[in-house]
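To start, the structure itself, in structure tokens.
Chains as they are written, first to last, in the numbering used here: chain A, 1446 to 1586; chain B, 14 to 123.
Okay, structure coming up:
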């Protein structure tokens, strides 16, 4: 019987994207050696990747009995907005809603069938966002 | 200075470290929480919380020797500091104070 091999891609992702992950990788390998499945290890790695930005922001959260106090939420929002500045939504800088309206008109006139593709992409994006939020909430306990 | 209070997960981790004693590393801490807390935990979440607690001076960590079973990777052992013990006690007192006097939470004797 050949020995089981841990998923190398998962461990490589962990090493690449999660800082100071050596102890975590060792723990995952130890559990894998004790019979945990490859899918279990993948779930653990993906969860670690999802929780990574929280850790690498260097933020020391205030220790509170309840996490989502209004003041805390406001503070987090402020930090988030500092780190991730507002994204320019227009394809043409400075045009704003006019550019977006132009794009919509062009698309409707030239390739109306592509709206389905856009709608499907939007729905898939929303679904992915919901999944990531659920995974992250579960990962953070 | 305001008293430090912990989230439920942070409190569980501190208690699990104390229960595990000298063997308090990621896997052991997760097992303690799963067996006594009856709660499934992700190792990544445990480490995220441990880093937060260490940043706040509530736990300290030391690196052990690498082992073959872990692909040559070392274990990271954790200990609760005096400040961590104080935070756990403060949180317990806050929870007990909230608990007290609630008729819905009184034990029923059958």
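Positions of the beta carbon are idealized from the N, C-alpha and C atoms, including for glycine.
Taking Cβ positions only, does residue i come closer than 8 Å to chain B?
i, result
"residue 1574 of chain A", "no"
"residue 1546 of chain A", "no"
"residue 1584 of chain A", "yes"
"residue 1553 of chain A", "no"
Quick one: give me the first and last residue of the alpha helix (DSSP H) that residue i is part of.
i, result
"residue 68 of chain B", "56-68"
"residue 32 of chain B", "21-33"
"residue 1556 of chain A", "Residue 1556 of chain A -> no alpha helix (DSSP H), and no H or E assigned at all."
"residue 1461 of chain A", "1453-1462"
"residue 37 of chain B", "Per DSSP, residue 37 of chain B belongs to no alpha helix (DSSP H) and is neither H nor E."
"residue 1472 of chain A", "1467-1478"
Classify residue i: buried if its beta carbon has 16 or more other beta carbons within 10 angstroms, exposed otherwise.
i, result
"residue 114 of chain B", "exposed"
"residue 52 of chain B", "exposed"
"residue 1463 of chain A", "buried"
"residue 1472 of chain A", "buried"
"residue 41 of chain B", "buried"
"residue 120 of chain B", "exposed"
"residue 1468 of chain A", "buried"
"residue 26 of chain B", "buried"
"residue 111 of chain B", "exposed"
"residue 106 of chain B", "exposed"
"residue 1553 of chain A", "exposed"
"residue 1574 of chain A", "exposed"
"residue 1496 of chain A", "buried"
"residue 36 of chain B", "exposed"
"residue 48 of chain B", "exposed"
"residue 1566 of chain A", "exposed"
"residue 83 of chain B", "buried"
Taking residue i as the query, report the chain B residues whose CB atoms sit under 8 Å from its CB, ordered along the chain.
i, result
"residue 1469 of chain A", "39, 56, 57 and 60"
"residue 1474 of chain A", "82, 83, 84 and 86"
Report yes or no: is there a C-beta of chain A within less than 8 Å of the C-beta of residue i?
i, result
"residue 87 of chain B", "yes"
Taking residue i as the query, report the chain A residues whose CB atoms sit under 7 Å from its CB, ordered along the chain.
i, result
"residue 114 of chain B", "The premise fails here: residue 114 of chain B is roughly 18 Å from chain A at the closest Cβ pair, so nothing lies under 7 Å."
So, at 7 Å on beta carbons, what are the nonlocal neighbours of residue i in its own chain, with the 5 sequence-adjacent residues on each side left out?
i, result
"residue 45 of chain B", "29, 32 and 33"
"residue 1456 of chain A", "1470"
"residue 74 of chain B", "67, 89, 90 and 91"
"residue 1452 of chain A", "1483, 1486 and 1487"
Run through chain B and tell me which residues come within less than 9 Å of residue i, C-beta to C-beta.
i, result
"residue 1492 of chain A", "55, 56, 57 and 58"
Identify the continuous beta strand (DSSP E) that holds residue i and give its terminal residues.
i, result
"residue 94 of chain B", "Element bounds for residue 94 of chain B: n/a, residue is neither H nor E."
"residue 74 of chain B", "72-80"
In its own chain, which residues sit with a C-beta less than 6 Å from the C-beta of residue i, not counting the 5 before and 5 after it?
i, result
"residue 1591 of chain A", "A question about residue 1591 of chain A goes unanswered here, because the residues of chain A that appear run from 1446 up to 1586."
"residue 19 of chain B", "100 and 104"
"residue 76 of chain B", "87 and 89"
Which residues in the same chain as residue i place their Cβ atom closer than 8 Å to its Cβ, once the five residues preceding and following it in sequence are excluded?
i, result
"residue 1459 of chain A", "1466, 1469, 1470, 1473, 1490, 1493 and 1494"
"residue 94 of chain B", "70, 71, 72 and 73"
Taking only beta-carbon positions, decide if residue i is within less than 8 Å of chain C.
i, result
"residue 75 of chain B", "The chain inventory of the structure shown lacks chain C, comprising the protein chains A and B."
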